[in-house]
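Chains as they are written, first to last, in our numbering: chain A, 7 to 426; chain B, 7 to 426.
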């Protein structure tokens, strides 16, 4: 069979110019999260297929790259279904592996445990522009911290990181699943209608209040509930202290502690007086995954339409692995989107070392070559990047090309030293 | 099905203590190789199955984790063999993907192209202590450089990196496939016996000259050839200038240029006067992979029995993808072995920032909490790592645990500030 030069469908090669920005960002992310006490962990890219199909992953479970059994375990003749042939899969996110990791190692880990994961995940999505089937995720999670210290630290760590990557004027939008619920239930929607209601509410930024009303009507909900629900959102729009206003309006269904908790997060984050971003209560924020149990949040960057990351509290997921619930809260930044934004904005890496090329004429050999090499090593030892290259016949063109790649200075070495 | 807490067979979770060392090493490696002008690239972990089974990978091709076709392409009823079900696989090394990458992008890359790849590879080896089915490889390669500048730069970049990771007294052993061949052919072995002869020679460090003699005899080779062959190795042992001696002895079969080339590499590397390592000509060095065409080399670290990395020149591999040969030379360090050695030797990361814990009593809320958080942010902004944590009832035990994880200083915040 002919060898293929192209990467597999939907995946891509990453060229040096982008890798420089990626490596720089990974460095900044690891350093900044480290300042908040997050420690890196790593799990295998392959997980047992049973863990990946345990209904934690929603629609992502339909997109798994599955791995065939090997050796004696693989029997084509007796296999009736795909499941008979498969024992593993490539992970589709970092949350399921984190929870498995924590269940496996909790005795060896501090409480609370603050984990940083940067790693590839795979989803066999329909290929489309800017979305790939292998992409990097970057998650921080705090396991074992019931108080809102978790939310505060996650938000500060993430916003500090984005600030160091020179993002400005971005927004953290925050809400609580319990507020979402109180608003809907308090308006008269039944508990089992909530998922449908939230899917419609989630479109607010696209279709507006009128669109939400229309879709709720099409969903067959009582006009009275719809009216009361929309009245809440209209009322919030003109209100300075939205949380206080909601607490009054929903005193029967919304617990005071939920509001106090969210208010404390917002105020503690604001107290750091970061100029780069603001944090705002957003009652229309839904976040898709059904595993969230409390606070939810999202990053909005003006240069970029959609969300650039998000997260929330998921206090019931560890229990599904271990039988014992552990409070958990996480924040994932959209690494690939951030790289895309930086690349498109012509981001340049700050404080790069000096870059020098040694151009060595053909014929510089033996002792003369050794001398060049030794000199290059000396320059490197004081921090300079030195590229040692043979001089081409068309030296001018060669230098132009090298300058395009960011090389700045040239030292030339000739067979006949009088030329130098 | 019950969820499994364990990683899949043969793969492992990496805990924070090891990850700290890994992240530090990755940083040093990327920084040092950058000083030599190597640029990072990345390829997908999944490759087309045809590329992975193109006979470039030797026995590794038997160890591939194969990925099932998806959607309409998967048809169990009409599938007769494994090949009908599979379209991809996890890469077993970084060389095949590099060559594919280069074939795909050579128009966009400089000449010569100096690539750094750090990434996981997968091999379904029999699980055994210290060897895992997912492991990190770290390769540098120079494509498009015919001269020995490639070898010199690869060796210096690798040894400088190991030096910065505080390895001392290690050795670079170097040889050339053409010397290997000249010694065997010059002794009377036929060309088609060479693979067998080299497999036996490769055991020299384990079975000694006598063992090599015995196995060659068992292989049915002429005693006359065996005698002449072993005479060469005996003669080399007592000789200061082994290369010069060989050139005399094998003047008919060994080209002077091969010796001059190797001598220049050794002398240029020595001219840098690195105290950490020595470079020596080793006529018994074979290197397994058959794709090598010229120089071959290996790292030997005294603390570690076997090789800790190696590489060589493979001028004929790109041509197998593209039809046009491109000179190529690479050096791979045994990343997992290096991490193992550092971990076992109690390696500590130099120049770590100060690490402070803010212990906040339960009940510190609202404005008081905001003040703590703002203070922590301030300390972080000047480079300190600050862990913000709720104070446990058993504060003494909590502090002991935190000290075990490397936290050094503690600041305590109480509800009643008089306690502080």
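We treat Cβ as the ideally placed atom computed from N, Cα and C, and that holds for glycine.
Here the structure is a predicted model, which is why all the values come from computation and not from measurement.
>> Looking at chain B, is there any beta carbon in it that lies within less than 8 Å of the beta carbon of residue 130 of chain A?
In response: As a first step, residue 130 of chain A is located in the first chain; it is residue number 124 there, counting from the start. Residue contact check for residue 130 of chain A against chain B: a CB pair falls below 8 Å.
> Can you name the residues that DSSP bridges to residue 286 of chain B?
Replying inline: Here the question's residue 286 of chain B lines up with position 280 in the second chain. Per DSSP, B:179.
> At which residues does the alpha helix (DSSP H) containing residue 248 of chain A begin and terminate?
Replying inline: Taking the first residue of the first chain as 1, we reach residue 248 of chain A at position 242. Taken as a continuous stretch (DSSP letters only), the alpha helix (DSSP H) holding residue 248 of chain A covers 248–255.
> Where does residue 26 of chain B sit, in a helix, a strand or coil, going by DSSP?
Replying inline: Here residue 26 of chain B refers to the residue found at position 20 of the second chain. Residue 26 of chain B: helix per DSSP, three-state reduction.
>> For residue 245 of chain A and residue 189 of chain A, I'd like the C-alpha separation in whole angstroms.
In response: Within the first chain, the letter at position 239 stands for residue 245 of chain A. Within the first chain, the letter at position 183 stands for residue 189 of chain A. Looking at the two C-alpha atoms, the distance is approximately 16 Å.
> residue 49 of chain A to residue 141 of chain A, Cα distance in whole Å?
Replying inline: Along the first chain, read from residue 1 onward, the residue named residue 49 of chain A stands at position 43. Along the first chain, read from residue 1 onward, the residue named residue 141 of chain A stands at position 135. The straight-line gap from Cα to Cα measures roughly 16 Å.
>> Please list, in chain order, the residues of the region 56–67 of chain A that have any C-beta partner in chain B closer than 7 Å.
In response: 56, 57 and 60
> Per DSSP, residue 335 of chain B forms a beta bridge with which residues?
Replying inline: Position 329 of the second chain holds residue 335 of chain B. When DSSP reads this structure, residue 335 of chain B sits in a beta bridge with B:148 and B:319.
> Would residue 278 of chain B count as contacting chain A if we go by Cβ distances under 8 Å?
Replying inline: The residue you call residue 278 of chain B lines up with position 272 of the second chain. Yes, contact with chain A.
>> Checking 8 Å against the spacing of the C-beta atoms, do residue 274 of chain A and residue 379 of chain B come in under that value?
In response: The count along the first chain starts at 1 and reaches residue 274 of chain A at position 268. The count along the second chain starts at 1 and reaches residue 379 of chain B at position 373. Yes, Cβ-Cβ distance for residue 274 of chain A and residue 379 of chain B is below 8 Å.
> If residue 72 of chain A and residue 73 of chain B are in contact, beta carbons under 8 Å, what's the gap, nearest whole angstrom?
Replying inline: Counted from its first residue, the first chain places residue 72 of chain A at position 66. Counted from its first residue, the second chain places residue 73 of chain B at position 67. With a Cβ gap of about 7 Å, residue 72 of chain A and residue 73 of chain B count as contacting.
> In chain A, what lies closer than 7 Å to residue 372 of chain B by C-beta?
Replying inline: What you label residue 372 of chain B is simply residue 366 of the second chain in a count that begins at 1. Result: 270.
>> Here's the rule I'm using: 16 or more other beta-carbon atoms within 10 Å means buried, otherwise exposed. How should residue 45 of chain B be labelled?
In response: As a first step, residue 45 of chain B is located in the second chain; it is residue number 39 there, counting from the start. Result: buried.
> Applying a beta-carbon distance threshold of less than 7 Å, which residues of chain A neighbour residue 399 of chain B?
Replying inline: Looking up residue 399 of chain B in the second chain gives position 393. Correct list: empty, because the minimum Cβ distance to chain A is about 13 Å.
> Around the C-beta of residue 89 of chain A, are 16 or more other C-beta atoms found within 10 angstroms, so that it is buried, or is it exposed?
Replying inline: Taking the first chain and counting its residues from 1, the one referred to as residue 89 of chain A is at position 83. Taking all protein chains shown into account, residue 89 of chain A has fewer than 16 neighbouring C-beta atoms within 10 Å of its C-beta and is therefore exposed.
> How about residue 324 of chain A and residue 149 of chain A: are their beta carbons less than 8 Å apart?
Replying inline: Here residue 324 of chain A refers to the residue found at position 318 of the first chain. Here residue 149 of chain A refers to the residue found at position 143 of the first chain. Between residue 324 of chain A and residue 149 of chain A, the C-beta gap is smaller than 8 Å, which places the two residues in contact.
> What does DSSP give as the partner residues of residue 36 of chain A in its beta bridges?
Replying inline: As a first step, residue 36 of chain A must be located in the first chain, where it is residue number 30. The partner list for residue 36 of chain A (beta bridge, DSSP) is empty, contrary to what the question assumes.
> Does DSSP put residue 293 of chain A in a helix, in a strand, or in coil?
Replying inline: Taking the first residue of the first chain as 1, we reach residue 293 of chain A at position 287. If DSSP states are grouped into helix, strand and coil, residue 293 of chain A belongs with coil.
> List, in order along the chain, the chain A residues whose C-beta lies closer than 8 Å to that of residue 18 of chain B?
Replying inline: For the purposes of this step, residue 18 of chain B is identified with residue 12 of the second chain, where counting begins at 1. Under the 8 Å cutoff, chain A gives 50.
> Among residues of its own chain, excluding the 5 on either side of residue 382 of chain A, which ones have a beta-carbon nearer than 7 Å to its beta-carbon?
Replying inline: Residue numbering aside, residue 382 of chain A sits at position 376 when the first chain is read from its first letter. Excluding sequence neighbours, residue 382 of chain A sits near 364, 392 and 394.
>> Give me the subset of the region 69–89 of chain A whose CB atoms are less than 9 Å from a CB atom of chain B, sorted by chain position.
In response: Listed in chain order, the positions of the region 69–89 of chain A with a beta carbon within less than 9 Å of a beta carbon of chain B are 69, 70, 71, 72, 73, 74, 76, 77, 80, 82, 85, 86, 87 and 88.
> Residues of chain B with CB under 7 Å from residue 54 of chain A, in chain order?
Replying inline: Numbered from 1 along the first chain, position 48 holds the residue referred to as residue 54 of chain A. Neighbours of residue 54 of chain A on chain B, chain order: 10 and 14.
>> Strictly below 8 Å CB to CB, what residues from chain A border residue 126 of chain B?
In response: As a working note, residue 126 of chain B is residue 120 in the second chain. Those are 51, listed as they occur along chain A.
>> Does the region 176–192 of chain A come into contact with the region 286–298 of chain A, if we say contact requires no fewer than three beta-carbon pairs (one atom in each stretch) closer than 8 Å?
In response: yes
>> Using a 10 Å radius around the Cβ and a threshold of 16 neighbouring Cβ atoms, would you call residue 403 of chain B buried or exposed?
In response: The residue you call residue 403 of chain B lines up with position 397 of the second chain. Classification of residue 403 of chain B: exposed, given that the 10 Å Cβ count is below 16.
> Applying a beta-carbon distance threshold of less than 7 Å, which residues of chain B neighbour residue 22 of chain A?
Replying inline: Taking the first residue of the first chain as position 1, residue 22 of chain A is located at position 16. Neighbours of residue 22 of chain A on chain B, chain order: 45, 46 and 47.
> In angstroms, rounded to a whole number, what distance separates the CA positions of residue 377 of chain A and residue 153 of chain B?
Replying inline: If you number the first chain from 1, residue 377 of chain A lands on position 371. If you number the second chain from 1, residue 153 of chain B lands on position 147. About 17 Å.
> What do you get for residue 109 of chain B, buried or exposed, if any count of 16 or more other CB atoms within 10 angstroms of its CB means buried?
Replying inline: On the second chain, position 103 is the one that residue 109 of chain B refers to. By the 10 Å Cβ count, residue 109 of chain B comes out buried.
>> Using only CA atoms, which one of A:281, A:344 and A:295 lies nearest to residue 311 of chain A?
In response: Your numbering for residue 311 of chain A matches position 305 in the first chain. Nearest of A:281, A:344 and A:295 to residue 311 of chain A, Cα basis: A:344.
> How is the beta strand (DSSP E) around residue 169 of chain B delimited, first residue to last?
Replying inline: To locate residue 169 of chain B, count along the second chain from 1; it is residue 163. Segment 155–170 is the alpha helix (DSSP H) holding residue 169 of chain B; no beta strand (DSSP E) there.
> For residue 19 of chain A, is the classification buried or exposed, using 16 other Cβ atoms within 10 angstroms of its Cβ as the cut-off for buried?
Replying inline: Locating residue 19 of chain A in the first chain gives position 13, counting from the first residue. Buried, because 16 or more other Cβ atoms sit within 10 Å of the Cβ of residue 19 of chain A.
>> Could you tell me the alpha carbon to alpha carbon distance between residue 131 of chain B and residue 139 of chain B, rounded to whole angstroms?
In response: Position 125 of the second chain, counted from the start, is the residue given in the question as residue 131 of chain B. Position 133 of the second chain, counted from the start, is the residue given in the question as residue 139 of chain B. About 6 Å.
>> By the DSSP assignment, the alpha helix (DSSP H) with residue 301 of chain A in it spans what residues?
In response: In the first chain, counting from the first residue as 1, residue 301 of chain A sits at position 295. It is not in any alpha helix (DSSP H) - residue 301 of chain A instead sits in the beta strand (DSSP E) that spans 301–306.
> What number of angstroms, rounded off, separates the C-alpha of residue 143 of chain B from the C-alpha of residue 400 of chain A?
Replying inline: Position 137 of the second chain, counted from the first residue, corresponds to residue 143 of chain B. Position 394 of the first chain, counted from the first residue, corresponds to residue 400 of chain A. Roughly 37 Å between the two C-alpha positions.
>> Taking 7 Å as the limit between beta carbons, can you name the residues of its chain near residue 416 of chain A, skipping five residues before and five after?
In response: Taking the first chain and counting its residues from 1, one reaches residue 416 of chain A at position 410. In its chain, beyond the 5 residues on either side, 363, 365 and 405 have a beta carbon closer than 7 Å to the beta carbon of residue 416 of chain A.
> Where does the unbroken beta strand (DSSP E) through residue 361 of chain B begin, and where does it stop?
Replying inline: Within the second chain, numbered from 1, the residue matching residue 361 of chain B stands at position 355. Residues 361–366.
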